[in-house]
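Taking it in order: structure first as structure tokens, then the write-up.
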Amino acid sequence: MSSGNDGQPQTFTKPALAEKEVTELVDRVFGLKVSWIRPLPSYDDQNFHVRVSRNKGAAEGADEYVLKITNSEDSQEPDLIEAQTQAMMFLSAEGFPSATPYLTKDGDIMSLESGDTGPGNKKYMVRLLTYLPGVPVAKIATNTQIFYEIGKLAASLDKALSEKFHHPSVKSLHRGQFIWNLANVPLLDRYIYALGQNKYRDIVQQVIEQFKGKVIPKLSSFRACINHGDLNDHNILVDSSSASLENPQYRVSGILDFSDMSYGYYVFEVAIAIMYMMIESPDPLSVGGHVLAGFESVLPLTEEERGALFLLVSGRFSQSLVIAAHTALRHPENTEYLMITAKTGWKHLMKMFEVGQEAVEKTWFETAEAYTNHAPA
1 MSSGNDGQPQ
11 TFTKPALAEK
21 EVTELVDRVF
31 GLKVSWIRPL
41 PSYDDQNFHV
51 RVSRNKGAAE
61 GADEYVLKIT
71 NSEDSQEPDL
81 IEAQTQAMMF
91 LSAEGFPSAT
101 PYLTKDGDIM
111 SLESGDTGPG
121 NKKYMVRLLT
131 YLPGVPVAKI
141 ATNTQIFYEI
151 GKLAASLDKA
161 LSEKFHHPSV
171 KSLHRGQFIW
181 NLANVPLLDR
191 YIYALGQNKY
201 RDIVQQVIEQ
211 FKGKVIPKLS
221 SFRACINHGD
231 LNDHNILVDS
241 SSASLENPQY
251 RVSGILDFSD
261 MSYGYYVFEV
271 AIAIMYMMIE
281 SPDPLSVGGH
291 VLAGFESVLP
301 LTEEERGALF
311 LLVSGRFSQS
321 LVIAAHTALR
331 HPENTEYLMI
341 TAKTGWKHLM
351 KMFEVGQEAV
361 EKTWFETAEA
371 YTNHAPA
């Protein structure tokens with residue numbers, strides 16, 4: 001998703017390189033011959049799944065990669081992209097299923113390249129990342145086991161980054177007005193026009209006002225950390241670790257897209273994970289308890305953090321739905337991908353407010369509590 005560090009989301013030029021240009025770029029920058037190429041969906045960057053021919057005598061190694069071409073605006077922040085990439089390398093070394101970069105011919109993790117298409121000959125940061133196996137959570141029939149695992153992953157990942165990741169570029173993760181940071185839900189005021197005048201706009205305005213009054217004053221009491229910031233149903237890959245078709249057991253096989261990394265709070269990460277897992281469940285209001293149980297098996301929330309969870313989940317729904325609507329107005333050619341969350345997101349947000357905070361929290365907290373007596377293996 002877009003950087004929007006000044007609170008202005010989507011003021012970017014999305015790369016539009018043709019496959020022939022990409023093939024030439026991979027050869028010129030990385031010294032690899034592309035034998036197969038396929039475009040991948042992306043919010044505001046351009047991604048390709050590429051397969052490369054092995055050179056004679058080359059050592060065994062991965063021959064599939066993702067070429068990530070970052071949008072023109074984010075490409076102007078090399079320190080931020082370096083921090084994200086170094087974090088991926090760090091997490092991979094720590095045992096997390098994270099991609100790592102293939103170095104350029106000059107031995108760098110990324111390269112700033114000119115795009116021949118589009119106005120003004122924009123420059124784009126290019127990285128070649130290892131291809132991770134697995135299926136996005138969005139493509140499986142989810143169950144409570146994978147929700148628990150994703151909650152556990154969210155806590156473990158933030159904990160590792162916050163306690164052990166000390167690369168000099170980390171300071172660039174203080175992103176202030178970054179539109180996707182949950183602390184910046186009040187900035188949605190600027191983009192709510194994209195919804196038009198309807199019941200959806202009314203509910204988002206309600207979320208924003210409650211967020212300003214009940215969450216913002218509490219931020220200083222939350223525990224700070226580095227957030228991945230976008231553990232959604234398309235950014236988490238899984239594979240089945242059991243042969244049972246009736247009750248498959250999944251394990252996380254890949255964590256994608258670190259472009260929303262920023263300093264935030266532990267409770268932000270679990271709220272974001274809950275929101276996106278709700279999208280993937282036939283029983284969305286119960287999901288939060290399973291994700292929370294997994295998260296709290298690593299890092300129990302404080303009373304203040306738990307008290308903010310309902311509005312944080314509502315805030316993330318609002319961010320996703322409003323910014324997607326705003327972006328679709330500016331980039332109608334990408335509307336189908338942008339509006340994935342909107343297909344069920346509005347229904348879930350409306351239902352949360354219809355049922356009410358007290359009842360939703362009761363469901364979440366009682367479900368999570370049950371795990372303390374019988375945690376999954």
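Residue numbering for the sequence shown follows UniProt numbering, beginning at 1 and increasing consecutively. Backbone N, C-alpha and C define an ideal beta-carbon position, used for all residues, glycine too.
For residue j and residue i, believed in contact at Cβ under 8 Å, the rounded distance
| i | j | result |
| --- | --- | --- |
| Cys225 | Gly176 | With 8 Å as the limit, Cys225 and Gly176 do not qualify as a contact, their Cβ atoms being about 17 Å apart. |
| Ile279 | Asp239 | Contact flag wrong, Cβ pair sits at about 21 Å. |
| Ala271 | Leu173 | About 19 Å separates the two Cβ atoms, so there is no contact after all. |
| Ser262 | Asn235 | Rounded, the Cβ-Cβ distance is 15 Å, inconsistent with contact. |
| Ala325 | Ala194 | 4 Å |
| Ala87 | Phe258 | 6 Å |
| Glu82 | Ser169 | 5 Å |
| Trp346 | Leu321 | 6 Å |
| Lys152 | Ser297 | 6 Å |
| Ser318 | Leu188 | 6 Å |
Residue i to residue j span [Cα, whole Å]
| i | j | result |
| --- | --- | --- |
| Glu64 | Glu358 | 48 Å |
| Pro15 | Ser314 | 32 Å |
| Asp106 | Phe30 | 8 Å |
| Thr372 | Gln197 | 45 Å |
| Arg330 | Ser75 | 20 Å |
| Phe178 | Val204 | 19 Å |
| Asn71 | Ser114 | 12 Å |
| Val66 | Val185 | 32 Å |
| Thr215 | Arg201 | Position check: residue 215 holds Val in this sequence, whereas Thr was assumed. Computed Cα separation, rounded: 20 Å. |
| Ser253 | Val291 | 17 Å |
| Ala93 | Tyr131 | 16 Å |
| Ile37 | Ser53 | 12 Å |
| His167 | Met89 | 11 Å |
| Arg190 | Glu305 | 27 Å |
| Gly307 | Ile150 | 21 Å |
| Phe365 | Gly95 | 30 Å |
| Asn47 | Leu309 | 33 Å |
| Ile192 | Lys362 | 30 Å |
| Glu73 | Leu80 | 12 Å |
| Tyr337 | Ile69 | 18 Å |
| Leu301 | Gly213 | 21 Å |
| Pro97 | Lys199 | 41 Å |
| Phe165 | Leu91 | 9 Å |
| Asp44 | Thr13 | 8 Å |
| Tyr148 | Arg251 | 11 Å |
| Ala370 | Ala328 | 42 Å |
| Ser111 | Leu103 | 9 Å |
| Glu269 | Ile208 | 19 Å |
| Leu256 | Met339 | 19 Å |
| Val50 | Thr23 | 9 Å |
| Glu246 | Lys218 | 44 Å |
| Asn121 | Glu333 | 21 Å |
Counterpart residues of residue i in DSSP-defined beta bridges
| i | result |
| --- | --- |
| Ala224 | Tyr265 |
| Lys68 | Asn47 and Arg127 |
| Pro111 | Note on identity: in this sequence residue 111 is Ser, with Pro being the wrong assignment. In DSSP, Ser111 forms a bridge with Val126. |
| Val360 | DSSP lists no partner for Val360. |
| Pro39 | Phe48 |
| Ile255 | Ser98 and Ile236 |
| Tyr148 | DSSP output for Tyr148 lists no bridge partner at all. |
| Pro136 | Leu237 |
| Tyr250 | Ser240 |
| Val34 | Val52 |
Close beta carbons around residue i, own chain, < 8 Å, minus the five adjacent residues each side
| i | result |
| --- | --- |
| Thr142 | Met277, Glu280 and Ser281 |
| Lys351 | Pro284 and Leu285 |
| Gln249 | Gln145, Ser240, Ser241 and Ser242 |
| Asp27 | Lys33 and Val34 |
| Pro133 | Leu237, Asp239, Ser253 and Gly254 |
| Val360 | Leu285, Gly288, Phe310 and Met352 |
Own chain, CB closer than 7 Å to residue i, minus 5 neighbours either side, in chain order
| i | result |
| --- | --- |
| Ser42 | none |
| Leu299 | Ala155, Lys159 and Tyr266 |
| Arg316 | Leu182, Ala271, Ile272 and Met275 |
| Ala342 | Leu321 and Ala324 |
| Ala368 | Gly289, Leu292, Ala293 and Glu296 |
| Thr335 | Ala328 |
| Ala62 | Here Ala62 scores only 49 on pLDDT, less than 50, and its place in the model is too uncertain to base an answer on. |
| Gln210 | Leu311 |
Cβ shell of residue i (< 6 Å), same chain only, five flanking positions each side left out
| i | result |
| --- | --- |
| Ile109 | Thr85 and Pro101 |
| Pro78 | none |
| Asp260 | Met1, Trp180, Gly229 and Asp230 |
| Ala377 | Caution is warranted here: a pLDDT of 44 is assigned to Ala377, below 50, making its placement in the model unreliable, and no coordinate value can be reported. |
| Pro39 | Phe48 |
| Arg127 | Lys68, Pro101 and Met110 |
beta-carbon residue i near the ligand SAH non-hydrogen atom, thresh 7 Å
| i | result |
| --- | --- |
| Phe365 | You won't find the ligand SAH in this model; it holds no ligand whatsoever. |
*asked:* What ranges does the alpha helix (DSSP H) occupy inside the segment 164–222, keeping only unbroken runs of at least 4 residues that lie completely in it?
replied: 199–214
*asked:* Threshold first: 3 residues or longer. Then list the beta strand (DSSP E) segments lying entirely within the segment 262–302, N to C.
replied: 262–265
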